[in-house]
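Protein chains in written order, with my numbering: chain A, 1 to 325; chain B, 326 to 635; chain C, 636 to 957. Note that the Cβ used here is the ideal one computed from N, Cα and C, for glycine as well. Note that this is a predicted model, so its numbers are computed, not measured.
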Amino acid sequence: MELRRYILKRLVQITIIFFVILTVLFLLFRLAPGDPVSRMVDPDMTPEDAEQLIHQLGLDKPLGIQYLVYLKNFFTGHFGISFHYGEPVVDVIWNRLPNTILLFTTSIILSALVGIFLGKIASWHKGEKTDSVMTIGALVTHTLFLPWLALILIWVFGYKLGWFPINGMISEEVWLDPDAGFIAKGLDIGYHMILPLTTLFLIHFGAYLLIMRSSMLETLKEDYILTARAKGLEEKDIRDRHAAPNAALPVVTSVGLSLAFSINGGALTETVFTWPGIGRELVFSVSQNDYPLAQASFLLIAIVVLISNLVVDVLYAYLDPRIRY
Amino acid sequence: MAEETFRTETKGMERYPGLTAFLEGWGIFRQSLLGKIGLVLLIMFALMALCSYIPPLIDPMYNPMTGVDPVITCSTGPSRAHWLGTDFMGRDILSQLLAGARVAFMVGVSAAFMSIVLGTAIGMTAGYMGRFMDTFLMRLADMIMVMPTLLVVLILAAVFGQLNIWTIVLIIALFRWPGVSRIIRGQTLSLKQRPFIEAAKVAGASHVRIIFRHIMPNVLPLAFLFMTFRVTSAIIIEAALAFLGFGDPGTVSWGMMLQWVWKTGHMFKAPYWLLPPGICISLITLSFYMLGRAMDEVLDPRLRKEDQTD
Amino acid sequence: MALLEVEDLCIDYKTKNGYLKAVDGVSFSLERGASLGFVGESGCGKTTIGMGLMGMLPPNGVVRRGRILFEGEDLLRVSAEEMRRVRWRKIAMIFQAAMNALNPVQRVGEQVAEAMLVHNPSLGKEKALKAVEELFELVGLQTDRIRDYPHQYSGGMKQRAIIAMSLACRPSLIIADEPTTALDVIVQDQILAEIRALQKEFNIGIIFISHDISIVADMCHDIGIMYAGQLVEYGPREDVFDSPAHPYTRALLSSFPTLTGKRTDLVPIAGETPDLVHPPEGCRFYDRCQEQIPACREKVSRWVAISPGHKALCCRCEMDGR
Numbered sequence: 001m002e003l004r005r006y007i008l009k010r011l012v013q014i015t016i017i018f019f020v021i022l023t024v025l026f027l028l029f030r031l032a033p034g035d036p037v038s039r040m041v042d043p044d045m046t047p048e049d050a051e052q053l054i055h056q057l058g059l060d061k062p063l064g065i066q067y068l069v070y071l072k073n074f075f076t077g078h079f080g081i082s083f084h085y086g087e088p089v090v091d092v093i094w095n096r097l098p099n100t101i102l103l104f105t106t107s108i109i110l111s112a113l114v115g116i117f118l119g120k121i122a123s124w125h126k127g128e129k130t131d132s133v134m135t136i137g138a139l140v141t142h143t144l145f146l147p148w149l150a151l152i153l154i155w156v157f158g159y160k161l162g163w164f165p166i167n168g169m170i171s172e173e174v175w176l177d178p179d180a181g182f183i184a185k186g187l188d189i190g191y192h193m194i195l196p197l198t199t200l201f202l203i204h205f206g207a208y209l210l211i212m213r214s215s216m217l218e219t220l221k222e223d224y225i226l227t228a229r230a231k232g233l234e235e236k237d238i239r240d241r242h243a244a245p246n247a248a249l250p251v252v253t254s255v256g257l258s259l260a261f262s263i264n265g266g267a268l269t270e271t272v273f274t275w276p277g278i279g280r281e282l283v284f285s286v287s288q289n290d291y292p293l294a295q296a297s298f299l300l301i302a303i304v305v306l307i308s309n310l311v312v313d314v315l316y317a318y319l320d321p322r323i324r325y
Numbered sequence: 326m327a328e329e330t331f332r333t334e335t336k337g338m339e340r341y342p343g344l345t346a347f348l349e350g351w352g353i354f355r356q357s358l359l360g361k362i363g364l365v366l367l368i369m370f371a372l373m374a375l376c377s378y379i380p381p382l383i384d385p386m387y388n389p390m391t392g393v394d395p396v397i398t399c400s401t402g403p404s405r406a407h408w409l410g411t412d413f414m415g416r417d418i419l420s421q422l423l424a425g426a427r428v429a430f431m432v433g434v435s436a437a438f439m440s441i442v443l444g445t446a447i448g449m450t451a452g453y454m455g456r457f458m459d460t461f462l463m464r465l466a467d468m469i470m471v472m473p474t475l476l477v478v479l480i481l482a483a484v485f486g487q488l489n490i491w492t493i494v495l496i497i498a499l500f501r502w503p504g505v506s507r508i509i510r511g512q513t514l515s516l517k518q519r520p521f522i523e524a525a526k527v528a529g530a531s532h533v534r535i536i537f538r539h540i541m542p543n544v545l546p547l548a549f550l551f552m553t554f555r556v557t558s559a560i561i562i563e564a565a566l567a568f569l570g571f572g573d574p575g576t577v578s579w580g581m582m583l584q585w586v587w588k589t590g591h592m593f594k595a596p597y598w599l600l601p602p603g604i605c606i607s608l609i610t611l612s613f614y615m616l617g618r619a620m621d622e623v624l625d626p627r628l629r630k631e632d633q634t635d
Numbered sequence: 636m637a638l639l640e641v642e643d644l645c646i647d648y649k650t651k652n653g654y655l656k657a658v659d660g661v662s663f664s665l666e667r668g669a670s671l672g673f674v675g676e677s678g679c680g681k682t683t684i685g686m687g688l689m690g691m692l693p694p695n696g697v698v699r700r701g702r703i704l705f706e707g708e709d710l711l712r713v714s715a716e717e718m719r720r721v722r723w724r725k726i727a728m729i730f731q732a733a734m735n736a737l738n739p740v741q742r743v744g745e746q747v748a749e750a751m752l753v754h755n756p757s758l759g760k761e762k763a764l765k766a767v768e769e770l771f772e773l774v775g776l777q778t779d780r781i782r783d784y785p786h787q788y789s790g791g792m793k794q795r796a797i798i799a800m801s802l803a804c805r806p807s808l809i810i811a812d813e814p815t816t817a818l819d820v821i822v823q824d825q826i827l828a829e830i831r832a833l834q835k836e837f838n839i840g841i842i843f844i845s846h847d848i849s850i851v852a853d854m855c856h857d858i859g860i861m862y863a864g865q866l867v868e869y870g871p872r873e874d875v876f877d878s879p880a881h882p883y884t885r886a887l888l889s890s891f892p893t894l895t896g897k898r899t900d901l902v903p904i905a906g907e908t909p910d911l912v913h914p915p916e917g918c919r920f921y922d923r924c925q926e927q928i929p930a931c932r933e934k935v936s937r938w939v940a941i942s943p944g945h946k947a948l949c950c951r952c953e954m955d956g957r
């Protein structure tokens, strides 16, 4: 099937991009001014431990060999020891990964779906008040400065009104309670997620709304819309069954293109809400000069971005038969 | 009727379709409400940036970075001496806000300018040279496009330590050219087919001469119209970086101000300090964005048609 | 009772400069199972007539005057909801092949089935798809292509699919707007033969809209020549071709040496169509007419009967007493 070839092709492209990133990162950490050893090995380590780690990372070898060791370590999951946590970097970020994925995917899916839905409605009321309110609202929320919006939400809903927790992902009293079941814990996470999710949602849905709106207006001029109308379909069905599926395609493309933007926002949100994800870990590690952790977090984020790109591509192919067949 | 005269005026300019497009575009832009609001807001911010030079002249305590009100040792609300209040060290928030406007323009415009120049050069090269060069440059563009710029700057800050404002601007520019280069490449590809390029080729003009004499004047107006979007992203990235504590410690940017509110724990008690910088960043982004949308209308003939039907 | 009777139909488009009279005082009638062709250059209003009959004028289009009696009912007086029910069930449309008339993200079979299900929801999807199979066979499409998407079809196949779709509800009238434009000549002939055969089989009235006079000559009993929003000549095919009365018709015909022979490109008639926002008082063809006389300019042209059923809107014909 064509779809398989398409995915394979994208997979190859993504692998190449990833290798380039991997290599650039390697060169950056080894060749930047300063001592590479001090960047990869915690200065507070005992000399014996440090020796062992230097050997494991290949820092005592020539650059070419170092690179091979680096690749081998990457594929076997050895990123060195975090300066701050004193444990293998891989353990630190591995725990953070699901948290980031949870917040990131939920926010993207939610904002894309709501954006598509509202954009459809706005286009249907083109030139009316509903349309103006939605368009202006989308423009304004989309251009809000994300960390500031997060602080405002915390201030209003967390501090003034006290409705939602303002940091972290879990409450200790729920998780330490032996009677708390899976559902209670899930609800607790959901409760903590409301404000971070709202922040990301407010920033993102506007862009999708605006794209969907103009895409809808464009699609409604297509000839097959005329056919649908001639067939005697009700306007609602013309909009939902014929216009919307076609109009949503550019939105999916733009979700893919804005993934980098979304992950930036994700890192900022995680940081402000102390959500234990990789983005926050990256910010934190950079501020603590925890180089091994910073490097690994960045790589992992790159992987997340690339894989989400692939997912979006596959979704697009699924929605547009012209690519699938 | 006005359109009619406009057309006759621009006759004889077929050799510069880019310029013609620019003039026509301005005509359309003037009709866009969003564009006009954006422009007014921007002029307001520009005035703020200009005014930023005034407070330090009145009294050294109004210096946004180093000036401290001698009688104030903690953050205070708006007063006669400090219209927007002071920060935790007794520095004047209004002066900081004005200085922030200057930094925002500086960062936004210079980063956008650099990325546009870079994007135009790369787009023209890719479009004009074609073949391997085209594939290579566009793959590179694809790759850079998927990179989250903020996090890239962060990782560079991790390796190189504290970055000063110009380094930040440079990095942003280096990572923000792919969008422009794609558009310029498309434009170059279509220009390549025009008779006057063919004529220049036949006349024996070199590639460099064709690119600079014949293609560049035609794509440049388009490139600069796209600058607005780049300005926005540069401002946001710098602000976010400063907010996270990795900004240039020698400049007072709005992001920096938010970082101070946040880190000193004033976000719950000093709304006079929390609100202004955030509103400014958001509004300047909004105004460039509105300007950009108006430009989009100018550049995308399909959007234009939509407006002509009613 | 005629299947369709259109009287004095006037359709305007609202533009920045005023009302553009796209269709001005057009009258014609069509018997059940008969066919009528409209010929004219682009912008003469022929497509607007089709859209007007379907009740699908663009938002800026208004019917200023006239009656559209279809099976005895004035379609201009029925509600939007009733009109929706008339569409496709009674009057179907075959769109241009060049047009992107099929939804690219839906399977062709489903799009055809949808036409049935809209008007007969109780049919059920399965039965509808069964019926689609029959339709596909009828128009000469392989039934295993039902689950394909439009981009997997060739131009001719798409056109056949659209014809199949038009037959979905067994309408009594089909409006075919440039159904074969952009198809190559062989496919074009096949499609036209197909339409003719189906028309006969199901006794469908067809209104054929084309800029290509030879196609219309091939297909239709009656022919209407349109110019600048007006019907300028109307009559049985033989009469119009053998003794064209209006100078515009003659100009059109002169570019086709023989009806059945090789087609040549339409030789453009010098000059431009008049401004339809402020149409001239007299004959609209005056500026381009080879046979103009001063009277054409001032006098409002009137219909002149040339022979029974054959008439022309021309001042000179009136003078000549033809």
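Would you check whether the ligand GTP has a heavy atom nearer than 8 Å to the C-beta of residue i?
i              : result
D131 (chain A) : Because no ligand of any kind appears in the structure shown, any question about the ligand GTP cannot be addressed here.
Taking the alpha-carbon positions, what's the residue i to residue j distance?
i              : j              : result
Q295 (chain A) : I480 (chain B) : 7 Å
G707 (chain C) : G685 (chain C) : 18 Å
D819 (chain C) : Q794 (chain C) : 12 Å
A736 (chain C) : G701 (chain C) : 29 Å
E761 (chain C) : P785 (chain C) : 21 Å
G77 (chain A)  : L550 (chain B) : 47 Å
S123 (chain A) : P250 (chain A) : 15 Å
H945 (chain C) : E768 (chain C) : 43 Å
T330 (chain B) : I353 (chain B) : With a pLDDT of 34 at T330 (chain B), under the threshold of 50, the modelled position of this residue cannot be trusted, and the question is left open.
A230 (chain A) : M691 (chain C) : 7 Å
P36 (chain A)  : F613 (chain B) : 42 Å
V283 (chain A) : E128 (chain A) : 44 Å
I562 (chain B) : L608 (chain B) : 15 Å
Q356 (chain B) : E622 (chain B) : 10 Å
L210 (chain A) : F837 (chain C) : 48 Å
D42 (chain A)  : L71 (chain A)  : 21 Å
E907 (chain C) : R923 (chain C) : 7 Å
Excluding five sequence neighbours on each side, which residues of the same chain lie with their C-beta closer than 8 Å to the C-beta of residue i?
i              : result
A150 (chain A) : L195, P196, T199, L268, T269, V272, F273
Q584 (chain B) : A567, F568, L569, G570, G572
Check for me: the alpha helix (DSSP H) holding residue i runs from which residue to which?
i              : result
D223 (chain A) : 223-230
H204 (chain A) : 182-219
Using a Cβ cut-off of 7 Å, pull out every chain E residue sitting near residue i, in sequence order please.
i              : result
M689 (chain C) : The chain inventory of the structure shown lacks chain E, comprising the protein chains A, B and C.
Below 7 Å CB to CB, which residues in the same chain sit around residue i once its five sequence neighbours on both sides are set aside?
i              : result
F500 (chain B) : I469, M472, T474, V477
Y862 (chain C) : G675, C679, Y883, R919, F920
F326 (chain A) : Outside the modelled stretch of chain A, which goes from 1 to 325, sits residue 326 (chain A), for which no answer is possible.
H192 (chain A) : P165, G168, M169, I170
Where DSSP assigns a beta bridge to residue i, which residues make up the other side?
i              : result
H945 (chain C) : C:S942
M861 (chain C) : C:L866
M728 (chain C) : C:I810
F673 (chain C) : C:I844, C:G859
Go through its chain and collect everything with a Cβ distance to residue i's Cβ below 6 Å, but skip five positions before and after it.
i              : result
P62 (chain A)  : none
V661 (chain C) : L644, L866
Just to confirm the assignment, what range does the beta strand (DSSP E) spanning residue i have?
i              : result
F705 (chain C) : 696-705
G653 (chain C) : 653-665
E642 (chain C) : 639-650
Mind pulling the alpha helix (DSSP H) runs of 4 or more residues that sit fully within the region 113-180 of chain A? 129-143, 146-153, 172-176
Which runs of the alpha helix (DSSP H), 4 residues or longer, sit entirely within the region 13-64 of chain A? 36-40, 47-57
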